[in-house]
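Q: Sending over a structure as C-alpha cells; questions will come in a sec.
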Amino acid sequence: MKTLEEESLKPKVNPVELVRKIGIPNSVKSESIRGEEIRGYLNLAKRNKVPLLFLRSLSEAVYDVKEFIPTYEKWHEKALELVSFASELFREEEINYTFFKTFKPFPFTPSDVDVLLSSKENLDSAIERLEKEDLRPLDLNTYGSTLYSPSHDMNVDLTTQRDVSGLVYLNKKYVFKETMEKKVRGSKVRVPKPHANLAIASAHALYKEQMFMLSDFYTFAYLYDEFEKAHKFSRDAKIEPSFLWGIGLTYRVVERAFGSDNFLANRIRTSFFEESFLEDENLDFVELPTKPSLPRFVASLMRKVLDDSLSRKSLPTFLGRAIRPQFASELVEHISRKRY
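See below:
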C-alpha cells in the first residue's frame, strides 16, 4: 500500500466530485477514490471545513490515510475538551449560555468555539472566569470578547448578540428558546436543538460570512428530518431568506452530484417545490465555497432590517462602524475572500 507521501499526482478536483466521494447519509453511498487523488480532495475538504468527514468516509483497510487522520482527530478532540472545560466553568458560575455554531451533525474541526451569552452580566462573568483559568484576552468588541486557550490551542468567542459589523442578524431569544443539553466528555453542555442549529448555520452563512460551503451542505444533508421545524424557526426569527438560500444550494449540490432521483433531492422537492430557490440565478455555481449574488445579499439584509425590530435598533452601531475610514477596505477584503 502506498502512503500519501508517495503519491505525488495532484489532479484538479471539484466540490461535486468531493460530494460523490463522501456520499450522502441515508441516501447515496460514497464512491471509490484512487490513492493519488486523496491529497487534492483533502485540500478541497479543508477549504470547505469537512476534512475529518472526508477522511472518515475512506476505508482505512483500503486507503493509507494514517498520516492525516490523527491531526484532524486531535483537532476534533481538542474542541470537545474545550467545550467540556468551558461548560463546567459556566455551570459553576451559574452563567446562562449556549454553544453556538460549534457543533455539527458530522465529525467537525472548528476553528474556534462560539458561545452565546444571555446578558452583559453573564458575558462579564464568563470572561472573568475564563481569565482565571489562564485564557488570554485577544479582542474586545461591541457585543463580546475573544479569548485564547493555550492548553487547547483554540479561541473561545463570547458574545451577547450574533451580528455582522454591529448589525444584529439573529435575535438570541429565539436561540435560547430552542436549546437542549447534551453530554460531551462527561459534561452537560447547552446547545441549540437540531432544527435551530440548521437554521442558525444558514443564517451565519448568508448574513455573517456571505459564503456557503460543504460544511453547510452536509449540515442540511444530515438534518433532513428537521427541515420543516428549521423553516418555522427561520420564519419566527426573521431569517427565512438565509434558510431558503441554504436549502436551495443544497438541492443544487445534490442534483449536480447525483441527479434529482434520490432521497435528499426528493425530500427537498416535496417540502419546498414552490419556493423561489428553484429559479435563483445564482445557484448554478461552479465552485464551493460559493457566495450569494450581491442583489440577493442586499435584499436579504434589507428585509432583515425592515422585519426585525432588534436589527433596526442595532443600525446606529452598524452605521457607526461604517463611517470609519477603514470600513470600506475591510468590507472589500471580507467580500473578496475565498474562505473563512
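Heads up: the sequence shown is residues -11 to 328, going by this note's numbering. We put the CB at the ideal spot given by N, CA and C, even for glycine. Keep in mind it's a predicted model, so treat the numbers as computed, not measured.
Could you work out which residue in VAL71, THR134, GLY234 is closest to SER288 when comparing CA atoms only?
A: By 1-based counting over the sequence shown, the position of residue 288 is 300. The shortest Cα separation from SER288 among VAL71, THR134, GLY234 belongs to GLY234.
Q: Quick one: complete beta strand (DSSP E) runs, 3+ long, within the segment 29 to 74?
A: Listed in chain order, there is nothing to give.
Q: THR169 by DSSP, collapsed to three states: which one?
A: Here residue 169 refers to the residue found at position 181 of the sequence shown. Looking at the sequence itself, residue 169 is Glu, so the reference to Thr does not match. Correct three-state label for GLU169: strand.
Q: Where does ASP204 sit, in a helix, a strand or coil, going by DSSP?
A: Stepping through the sequence shown from its first residue, residue 204 is reached at position 216. In the structure shown, ASP204 sits in a helix (DSSP, three-state: H, G or I).
Q: By the 10 Å Cβ neighbour count, where 16 or more other Cβ atoms means buried, how is VAL286 classified, buried or exposed?
A: As a position in the sequence shown, residue 286 is number 298, starting the count at 1. So VAL286 ends up on the exposed side.
Q: Less than 7 Å separating the beta-carbons of VAL103 and LEU146?
A: Numbered from its first residue, the sequence shown carries residue 103 at position 115. Numbered from its first residue, the sequence shown carries residue 146 at position 158. In this structure, LEU146 lies closer than 7 Å to VAL103 by Cβ.
Q: So which of ARG284, PRO182, GLU243, LEU276 has the shortest CA-CA distance to LEU232?
A: Here the question's residue 232 lines up with position 244 in the sequence shown. It is ARG284 whose Cα lies nearest to the Cα of LEU232.
Q: Counting Cβ pairs, one atom from each stretch, are 3 or more of them under 8 Å apart for the segment 128 to 137 and the segment 18 to 31?
A: Contact fails: fewer than three Cβ-Cβ distances are below 8 Å.
Q: Using a beta-carbon distance below 7 Å, is ASP295 in contact with chain D?
A: The question asks about chain D, but that chain is absent: this structure has only one protein chain.
Q: If you draw a straight line from the C-alpha of PHE91 to the C-alpha of PRO277, how long is it?
A: Translated into positions along the sequence shown, residue 91 becomes position 103. Translated into positions along the sequence shown, residue 277 becomes position 289. Straight-line Cα distance between these residues: approximately 19 Å.
Q: From this set, PHE246, SER299, ARG257, which residue's C-alpha is nearest LYS332's C-alpha?
A: Lying before the first or after the last residue shown, residue 332 is absent from the chain, which here runs from -11 to 328.
Q: In or out: ILE12 buried (at least 16 other Cβ within 10 Å) or exposed?
A: Numbered from 1 along the sequence shown, position 24 holds the residue referred to as residue 12. Counting Cβ neighbours within 10 Å, ILE12 comes out buried, since at least 16 surround it.
Q: The alpha helix (DSSP H) with MET199 in it runs from where to where?
A: Numbered from its first residue, the sequence shown carries residue 199 at position 211. Note, MET199: premise wrong, no alpha helix (DSSP H); not H, not E.
Q: Select from VAL177, LYS181, GLU243, LEU303 the residue whose C-alpha is nearest the C-alpha of LEU155.
A: As a working mapping, residue 155 is identified with position 167 in the sequence shown. Closest option to LEU155, Cα to Cα, is LEU303.
Q: Can you give me the start and stop residues for the beta strand (DSSP E) that TYR239 sits inside?
A: One-based indexing of the sequence shown puts residue 239 at position 251. Element bounds for TYR239: not the beta strand (DSSP E) but the alpha helix (DSSP H), 228 to 246.
Q: Hey, is the segment 197 to 211 in contact with the segment 235 to 243, meaning 3+ C-beta pairs nearer than 8 Å?
A: A contact exists between the segment 197 to 211 and the segment 235 to 243.
Q: Alpha helix (DSSP H) containing GLY308: first to last residue?
A: Here residue 308 corresponds to residue number 320 of the sequence shown, with the count starting at 1. Looking at the DSSP string, the run of the alpha helix (DSSP H) that includes GLY308 is 303 to 310.
Q: Taking PHE88 as the reference, which of LYS171, ALA253, ALA310, LEU186 has the closest Cα?
A: The residue given as residue 88 occupies position 100 in the sequence shown. Considering only alpha carbons, the answer is LEU186.
Q: Considering only the beta carbon of each residue, do ASN110 and ASN129 sit closer than 7 Å?
A: On the sequence shown, residue 110 is found 122 positions in, with the first residue counted as 1. On the sequence shown, residue 129 is found 141 positions in, with the first residue counted as 1. Contact flag unset, no.
Q: In whole angstroms, what is the alpha-carbon distance linking PRO313 and ARG178?
A: Here residue 313 refers to the residue found at position 325 of the sequence shown. Here residue 178 refers to the residue found at position 190 of the sequence shown. Answer to the nearest angstrom: the Cα atoms are 40 Å apart.
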